[in-house]
Amino acid sequence: MESVKQIIRDVPDFPKEGIIFKDITPLLSDSVAFQKTINSLRDRYADKTVDAVVGVEARGFIFASALAYALGTGVVMIRKPGKLPYKTFQETYSLEYGTDTVEVHQDAFRSGQNIILIDDVLATGGTMAATLDLIQKNFENVKIMEATFLIELDFLKGREKFNGIPIHSMIHY
Ligand code: AMP
Numbered sequence: 013m014e015s016v017k018q019i020i021r022d023v024p025d026f027p028k029e030g031i032i033f034k035d036i037t038p039l040l041s042d043s044v045a046f047q048k049t050i051n052s053l054r055d056r057y058a059d060k061t062v063d064a065v066v067g068v069e070a071r072g073f074i075f076a077s078a079l080a081y082a083l084g085t086g087v088v089m090i091r092k093p094g095k096l097p098y099k100t101f102q103e104t105y106s107l108e109y110g111t112d113t114v115e116v117h118q119d120a121f122r123s124g125q126n127i128i129l130i131d132d133v134l135a136t137g138g139t140m141a142a143t144l145d146l147i148q149k150n151f152e153n154v155k156i157m158e159a160t161f162l163i164e165l166d167f168l169k170g171r172e173k174f175n176g177i178p179i180h181s182m183i184h185y
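Residue numbers for the sequence shown follow my numbering, beginning at 13 and rising by one.
Shown next, in the form of structure tokens:
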């Protein structure tokens, strides 16, 4: 993963001052690095029973769909409010300033399914913690096997927000 790590670009002060944005676009456009990333995730789950890969808007969708294709599963989208056309469940969570909401379709999962959640970056963990709540509250018999990230910003201690759910991050800063 070191070669993949090298390709991720730091963009200082984006989207606001003080944030070092981890820009994954050079990784996505590099066929070798992208394939290495997806193959590594595929190998991690290949011998497990996975029924769906759940991507968090928006960059999570890219990894979720490629991984789902590699594993032969479906994809479920966790979206920002007002984007999903059918009936939804919602979970609102706090940000530094204000709140945000994640949504999922009410028929996104079937009872007994085993799922993996994926996003590009684990920062404060707020988005993924809300996603976990959203699924756990509304789909009692769905098993969340793991939350997976391409990148984890260790110093933000986001993983402390996920009680009991295994977390896998490919690259740490
Ligand atoms: P979180 O603070 O863990 O809820 O992060 C929310 C979302 O913001 C994640 O889906 C990431 O895609 C994105 N994000 C947060 N911090 C960064 C960062 N430093 N670089 C790139 N993306 C980030």
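Idealized CB from N, CA, C, for every residue including glycine.
All of these numbers come straight from a predicted model, not from anything done at the bench.
task: Decide if residue 31 is buried, meaning its Cβ has at least 16 other Cβ atoms within 10 Å, or exposed.
output: exposed
Stretch pair the region 120-127 + the region 150-159: three plus CB contacts closer than 8 Å: yes
task: Select from 48, 57 and 90 the residue whose C-alpha is nearest the C-alpha of residue 66.
output: 90
- prompt: Considering only residues of the region 23-54, which uninterrupted alpha helix (DSSP H) runs meet the minimum length of 4 residues and lie entirely inside it, listed in chain order?
  reply: 37-40
- prompt: If you draw a straight line from the alpha carbon of residue 81 to that of residue 58, how long is it in whole angstroms?
  reply: 12 Å
task: Please report how far the alpha carbon of residue 53 lies from the alpha carbon of residue 79, in whole angstroms.
output: 7 Å
task: Please report how far the alpha carbon of residue 110 lies from the alpha carbon of residue 104, in whole angstroms.
output: 10 Å
query: Do you know how far the Cα of residue 107 is from the Cα of residue 114?
result: 13 Å
task: Starting from residue 126, follow its DSSP beta bridges and name the residues at the other end.
output: 155
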